[in-house]
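Student: Just remember that the numbering used here sits 5 ahead of the position in the sequence shown, which is counted from 1.
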Amino acid sequence: MSSAELLDTSPTDSNDVGCDTPKTAVKRTMFQESIEVQLQQNPTFLKFNYGLFSAQEMFQLTSTILTSPSCTVRYLDLIGNRLGDAGVNTIAESLKTNTTINYLNLSMNDISSDGVKNMCDVLSNKTRTDTNRSLEHLDLSINRLGDAGVACILEMLRNNDTLITINLRSNKVKSQQGVNCLLEIAALTKISDDSILKDVFV
Numbered sequence: 006m007s008s009a010e011l012l013d014t015s016p017t018d019s020n021d022v023g024c025d026t027p028k029t030a031v032k033r034t035m036f037q038e039s040i041e042v043q044l045q046q047n048p049t050f051l052k053f054n055y056g057l058f059s060a061q062e063m064f065q066l067t068s069t070i071l072t073s074p075s076c077t078v079r080y081l082d083l084i085g086n087r088l089g090d091a092g093v094n095t096i097a098e099s100l101k102t103n104t105t106i107n108y109l110n111l112s113m114n115d116i117s118s119d120g121v122k123n124m125c126d127v128l129s130n131k132t133r134t135d136t137n138r139s140l141e142h143l144d145l146s147i148n149r150l151g152d153a154g155v156a157c158i159l160e161m162l163r164n165n166d167t168l169i170t171i172n173l174r175s176n177k178v179k180s181q182q183g184v185n186c187l188l189e190i191a192a193l194t195k196i197s198d199d200s201i202l203k204d205v206f207v
């Protein structure tokens, strides 16, 4: 399947036909062309940083590319797009069936503890089959996971056997309980010589 076919985001409902304003239509075209250019240059690499496109367009990205059987993307960098909890939930759902993404950067995306729960569920793959097994590098830095979010991350890491690196810096961890969770996360790299998790940034 070509990149153009992957990126076909034309309205599928007759009620949606004609709903685009000229400005929205132009942005939609720019978004599609930007992805096509990137995939032509490197079919494994996509990078959209600092609010270049809207959260809705990011949702289109996940639904049309990451869930496609023809997906070749391994490196996905979405830093600074303020996707929020709804955005990360959409990405998490896409990861359930994606088998190619190896590196995911969600830094500076306004993700809270509520948003990270679904991602943790999808990555808890040690004893389940309906989870993602391709992701090895995850950047969640400069969000607002808080104490509850890092506790969720800790539980996920105890049940994950594919992540090699995780970045949790600057996530509004305030209580001693939250700090203890970060210390436990860092300690996971030292549990055994054959531990999968090698690098933690807190």
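The C-beta atom is built at its ideal place from N, Cα and C for all residues, glycine as well.
Could you give the first and the last residue of the continuous beta strand (DSSP E) run that contains residue 171?
Tutor: Locating residue 171 in the sequence shown gives position 166, counting from the first residue. According to the DSSP assignment, residue 171 belongs to the beta strand (DSSP E) that extends over 170 to 172.
Student: Less than 8 angstroms between the C-beta atoms of residue 106 and residue 140, yes or no?
Tutor: Reading the sequence shown from its first residue, position 101 is the one you call residue 106. Reading the sequence shown from its first residue, position 135 is the one you call residue 140. A contact, by the Cβ cut-off of 8 angstroms.
Student: Do you know how far the Cα of residue 47 is from the Cα of residue 78?
Tutor: Sequence index remark: in the sequence shown, residue 78 carries index 73 (1-based). Sequence index remark: in the sequence shown, residue 47 carries index 42 (1-based). In this structure, the CA atom of residue 78 is about 9 angstroms from the CA atom of residue 47.
Student: Pick helix, strand or coil for residue 51, following the three-state DSSP scheme.
Tutor: If you number the sequence shown from 1, residue 51 lands on position 46. Residue 51 carries a strand assignment under DSSP once its states are collapsed to helix, strand and coil.
Student: Just to confirm the assignment: which complete beta strand (DSSP E) runs, minimum length 3, are found wholly within the stretch 91 to 176?
Tutor: 108 to 110, 142 to 144, 170 to 172
Student: Based on the DSSP secondary-structure assignment, which residues constitute the bridge partners of residue 205?
Tutor: The count along the sequence shown starts at 1 and reaches residue 205 at position 200. BP columns for residue 205 point to 171.
Student: Considering Cα atoms alone, identify which of 168, 165, 187 is closest to residue 156.
Tutor: Against the sequence shown, residue 156 aligns to sequence position 151. Ranking the options by Cα distance to residue 156, first place goes to 187.
Student: Under three-state DSSP, which class holds residue 188?
Tutor: As a working note, residue 188 is residue 183 in the sequence shown. The answer is helix: DSSP assigns residue 188 an H, G or I state.
Student: For my contact list, residue 116 and residue 148 are in at a C-beta cut-off of 8 angstroms; report their separation, rounded to the angstrom.
Tutor: Position 111 of the sequence shown holds residue 116. Position 143 of the sequence shown holds residue 148. Yes, they are in contact, since the Cβ atoms of residue 116 and residue 148 sit about 4 angstroms apart, within 8 angstroms.
Student: Looking only at DSSP bridge pairs, what is residue 81 linked to?
Tutor: Counting from 1 along the sequence shown, the entry for residue 81 is found at position 76. Paired residues: 51, 109.
Student: Looking at residue 81 and residue 55, is the spacing between their C-beta atoms short of 8 angstroms?
Tutor: Position 50 of the sequence shown, counted from the first residue, corresponds to residue 55. Position 76 of the sequence shown, counted from the first residue, corresponds to residue 81. Against a cut-off of 8 angstroms, the Cβ pair of residue 81 and residue 55 comes out as no contact.
Student: With residue 60 and residue 89 assumed to form a contact (beta carbons below 8 angstroms), what rounded beta-carbon distance in angstroms separates them?
Tutor: Position 55 of the sequence shown holds residue 60. Position 84 of the sequence shown holds residue 89. Right, the Cβ-Cβ distance comes to about 7 angstroms (below 8 angstroms), so this counts as a contact.
Student: How big is the Cα-Cα spacing for residue 13 and residue 40?
Tutor: As a position in the sequence shown, residue 13 is number 8, starting the count at 1. As a position in the sequence shown, residue 40 is number 35, starting the count at 1. With a pLDDT of only 47 at residue 13, under the threshold of 50, the placement of this residue in the model should not be trusted; the figure read from the coordinates follows. Going by the C-alpha atoms only, they are around 11 angstroms apart.
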